[in-house]
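Below is one structure, written out as structure tokens, with a few remarks after it.
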Amino acid sequence: MILGQNLIDGNWVGSENLRASDDLEGQSFAQATAAQVDEACRAALRDFRAYSGKSRAERATFLRSIAEQMDVLGDEIIQTGMAETGLPEARLVGERGRTTGQLRMFADLIDKTGYLDIRKDGALPDRTPLPRPDLRLTHKAIGPVAVFGASNFPLAFSTAGGDTASALAAGCPVIVKGHSAHAGTAELVAQAIAKAIEICDMPAGTFQIVQGSGREVGSALVQHPDIRAVGFTGSLAGGRALYDLCHARPSPIPFYGELGSVNPMFCLPSAMGTRAAEIGAGWAVSLTMGAGQFCTNPGVAVMLKGPDADALETACVAALNQTAEQKMLTDGIHAAYEQGVRAFRDLMTEVTSCGAATGKRAALPALFKVSAAEWMATPQLQHEVFGAAGIIVLCDTLDEMRDVAEALEGQLTLTLHLDDADQDFAGDLLPILEEKAGRLLANGFPTGVEVCSSMMHGGPYPASTDVRATSVGTLGIARWLRPISYQNMPDALLPSELKG
Ligand code: NAP
Numbered sequence: 228m229i230l231g232q233n234l235i236d237g238n239w240v241g242s243e244n245l246r247a248s249d250d251l252e253g254q255s256f257a258q259a260t261a262a263q264v265d266e267a268c269r270a271a272l273r274d275f276r277a278y279s280g281k282s283r284a285e286r287a288t289f290l291r292s293i294a295e296q297m298d299v300l301g302d303e304i305i306q307t308g309m310a311e312t313g314l315p316e317a318r319l320v321g322e323r324g325r326t327t328g329q330l331r332m333f334a335d336l337i338d339k340t341g342y343l344d345i346r347k348d349g350a351l352p353d354r355t356p357l358p359r360p361d362l363r364l365t366h367k368a369i370g371p372v373a374v375f376g377a378s379n380f381p382l383a384f385s386t387a388g389g390d391t392a393s394a395l396a397a398g399c400p401v402i403v404k405g406h407s408a409h410a411g412t413a414e415l416v417a418q419a420i421a422k423a424i425e426i427c428d429m430p431a432g433t434f435q436i437v438q439g440s441g442r443e444v445g446s447a448l449v450q451h452p453d454i455r456a457v458g459f460t461g462s463l464a465g466g467r468a469l470y471d472l473c474h475a476r477p478s479p480i481p482f483y484g485e486l487g488s489v490n491p492m493f494c495l496p497s498a499m500g501t502r503a504a505e506i507g508a509g510w511a512v513s514l515t516m517g518a519g520q521f522c523t524n525p526g527v528a529v530m531l532k533g534p535d536a537d538a539l540e541t542a543c544v545a546a547l548n549q550t551a552e553q554k555m556l557t558d559g560i561h562a563a564y565e566q567g568v569r570a571f572r573d574l575m576t577e578v579t580s581c582g583a584a585t586g587k588r589a590a591l592p593a594l595f596k597v598s599a600a601e602w603m604a605t606p607q608l609q610h611e612v613f614g615a616a617g618i619i620v621l622c623d624t625l626d627e628m629r630d631v632a633e634a635l636e637g638q639l640t641l642t643l644h645l646d647d648a649d650q651d652f653a654g655d656l657l658p659i660l661e662e663k664a665g666r667l668l669a670n671g672f673p674t675g676v677e678v679c680s681s682m683m684h685g686g687p688y689p690a691s692t693d694v695r696a697t698s699v700g701t702l703g704i705a706r707w708l709r710p711i712s713y714q715n716m717p718d719a720l721l722p723s724e725l726k727g
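Each residue of the sequence shown is one higher than the last, beginning at 228 in our numbering.
Next up, the structure:
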């Protein structure tokens, strides 16, 4: 049952400031006060040593228990998520599986010490001109972490999502700022985590959630002196504002923002000659998945102009014109999409003719085309319109295609559609693309991010705020760890993994 409260230091607490849910009838949510945010941060720091001091096996058991408790939530979590986000049942069932899978993946990761990147340089007492001391390095939890969940992944990138799972695995207490677009879903997951805390006898400050619409709660959280790092998934504007707050603190802290991206695809000539229509139809599917509300949505396709480009356009437009309208996540995201498409109409030629959507928060796809020269001269066309809006960028020559690659801002992903005969040119492009994105794909579409050890889900700014970090996959744990060297430390005082 949803209480509409915040979980602070083991207690569910309300406040006088209530916000009615847009989607759950009769339900309101207590917005955390500044005093409650302060109390949560103090509890997290108070319990940091106790929690990070738990053995790796105890933390792994805790993560597995959270996954079990999420499964226990059964249909209630799915129905609540559907009501709040408009996402279909199958998507949310799949997302829950991904979320519990991530929790179990991090439990498995910390079963072994590999993630601690242990280094040992033994003493060289006879070295000249100076002896070398005994040096050993391991990684320790950074401290209490604030997590901002995403509107478009109410489970996998939210309350018990990848940031929370990796931070808890690292040994960091977590305070989640619940997303106002799915406060009920967030609370139900928080209840599951609270149950796991009880079962595993973890300290109360290990996990807490504060709800709050607008800027106050999030701003207070990232500026609190007891918070030591922040994980954020969301918009460029929101992420940048919070990043700036983190770096303006008297004691600055790392802010890991996974932001937006237009994920361009380069459609090379030989591949276009053999399967332009197939690429166009596949793009339509990827572009409209989840109403285009994916950070990896491929919003731009770059190709040589000519009959193959026409074939791609025809196939893509045919598929898009058949696409039913889809409900978007929030009124704000819907309004931003409609406004973004209107702005595109002023700047480019629209090739779809989907008409106007009629349902509440409903949207239809829109495809545009523009010359590479105009695209490069109009920075606005590189900005993400969150939703199913695509742009075909037409180049006169391969040199111009290379110029487009050089002009790109940082991206989460970049894709090459290529055949064997395209490999020489692809080899020219690749060093440019490697500088621009965290994940490079061949002959696929970037939506659908595998959760595994070799995944990189991040990229150069503005795709993310730290080019070295990923929010998906086992490498995500590195964000919440810091290296510590021990010099000539007696064996008895060393962390267990460094002894001997
Ligand atoms: P958002 O508006 O930035 O909101 C994210 C969270 O930050 C919410 O909790 C929001 O509070 C809070 N917030 C936003 N601006 C703030 C500010 N100035 N001060 C304090 N708190 C602030 O993002 P969204 O609309 O939910 O998500 C859509 C965006 O996320 C898209 O651009 C998409 O590409 C991106 N995204 C990226 C990834 C990735 O992995 N890179 C994944 C999914 C989505 P409220 O609860 O009040 O809104």
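Glycine included, C-beta positions come from ideal geometry on N, C-alpha and C.
N-terminal and C-terminal residue of the beta strand (DSSP E) that residue i is part of
i, result
"Phe-375", "372-375"
"Ala-664", "664-669"
"Asn-233", "233-235"
"Phe-672", "No beta strand (DSSP E) contains Phe-672, which DSSP labels as neither H nor E."
"Arg-346", "346-348"
"Gln-438", "434-438"
"Phe-459", "456-460"
"Ile-402", "401-405"
"Leu-721", "Note, Leu-721: premise wrong, no beta strand (DSSP E); not H, not E."
"Gln-566", "Where Gln-566 is concerned, there is no enclosing beta strand (DSSP E), although the alpha helix (DSSP H) it sits in stretches over 558-574."
Any non-hydrogen atom of ligand 1 closer than 8 Å to residue i Cβ
i, result
"Glu-485", "yes"
"Ala-267", "no"
"His-684", "yes"
"Glu-505", "no"
"Thr-460", "yes"
"Ser-681", "no"
"Glu-611", "yes"
"Ser-691", "yes"
"Ser-279", "no"
"Lys-404", "yes"
"Ile-424", "no"
"Ser-393", "no"
"Gly-465", "yes"
"Val-264", "no"
C-beta contact flag for residue i and residue j at 9 Å
i, j, result
"Ala-511", "Cys-543", "yes"
"Asn-490", "Pro-525", "yes"
"Asp-338", "Ala-287", "yes"
"Leu-635", "Lys-663", "yes"
"Val-449", "Phe-493", "no"
"Thr-433", "Leu-395", "yes"
"Leu-251", "Gln-418", "no"
"Ala-413", "Ile-424", "no"
"Ser-242", "Thr-260", "yes"
"Ala-528", "Ile-619", "yes"
"Tyr-342", "Leu-708", "yes"
Contact belief for residue i with residue j at Cβ below 8 Å, rounded distance in angstroms
i, j, result
"Leu-212", "Ala-334", "There is no way to answer for residue 212, as the model of the chain reaches only from 228 to 727."
"Ile-711", "Leu-364", "7 Å"
"Ile-506", "His-644", "5 Å"
"Ile-560", "Arg-455", "No, Ile-560 and Arg-455 are not in contact; Cβ-Cβ is about 31 Å, not under 8 Å."
"Thr-541", "Ala-408", "Not a contact, Cβ separation roughly 37 Å."
"Asp-623", "Arg-588", "40 Å between Cβ atoms; not a contact."
"Asn-379", "Phe-521", "7 Å"
"Leu-180", "Ala-653", "The question about residue 180 has no answer here: the residues shown for the chain are numbered 228 through 727."
Where the alpha helix (DSSP H) containing residue i begins and where it ends
i, result
"Gln-418", "410-427"
"Trp-510", "496-515"
"Met-603", "599-604"
"Gln-296", "283-299"
"His-644", "It is not in any alpha helix (DSSP H) - His-644 instead sits in the beta strand (DSSP E) that spans 638-644."
Inter-stretch contact at 8 Å, needing at least 3 Cβ pairs: the region 459-476 / the region 373-384: In short, these stretches touch, since the Cβ pair count reaches three.
Contact between the region 301-317 and the region 664-680 (3+ Cβ pairs under 8 Å): Flag = no, the region 301-317 and the region 664-680 do not touch.
Segment contact, 8 Å Cβ cut-off, at least three pairs: the region 711-726 with the region 680-695: The count of Cβ pairs closer than 8 Å, one atom from the region 711-726 and one from the region 680-695, stays below three, leaving the stretches out of contact.
Three CB pairs or more closer than 8 Å across the region 273-285 and the region 253-263: Taking 8 Å as the limit for Cβ pairs, the verdict is that the region 253-263 does not touch the region 273-285.
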